Amino acid sequence: MHRKAVSYVTRTTSAAAGAVATAATSVAAAAVAASIVFSPVADASSRMAGVSEDLLRAVQLNQITEEQAIKFEARLAGRISGEA
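What follows is the structure, encoded as structure tokens:
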């Protein structure tokens, strides 16, 4: 084969491989987005349990004080229960 032909085949093969990889990434991203959109919404008690766990962890890591966590949890509890 001539050098130009080999170069063309190599470039087109690389471009095709890139297009397939891009398409696969797009499909994977769409699947993740769909799973988030169609997943059931957590009930208020499980949401508050998650908030409590997150705030406890933040207190343990000295990111917030215990008093801040209590106030924030109370504020969120009011908002979450208001949505239910």
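FYI, in mature numbering (1 follows the signal peptide of the UniProt record, and there is no 0) the residues of the sequence shown are -30 to -1, 1 to 54. We put the beta carbon where it would ideally sit given N, CA and C, even for glycine. As the structure is a computational prediction, the values presented were derived from the model and not from experiment.
The alpha helix (DSSP H) that contains residue i, what's its start and end?
i, result
"residue 13", "Note, residue 13: premise wrong, no alpha helix (DSSP H); not H, not E."
Excluding the 5 residues preceding and the 5 following residue i in the sequence, name in chain order all residues of the same chain whose CB lies nearer than 6 Å to its CB.
i, result
"residue 25", "39 and 43"
Less than 8 Å between C-beta atoms, sequence neighbours within five positions excluded: which residues of the same chain meet that for residue i?
i, result
"residue 17", "50"
"residue 46", "18 and 21"
"residue 36", "29"
Grouping DSSP H, G and I as helix and E and B as strand, with all else coil, what is residue i?
i, result
"residue 31", "coil"
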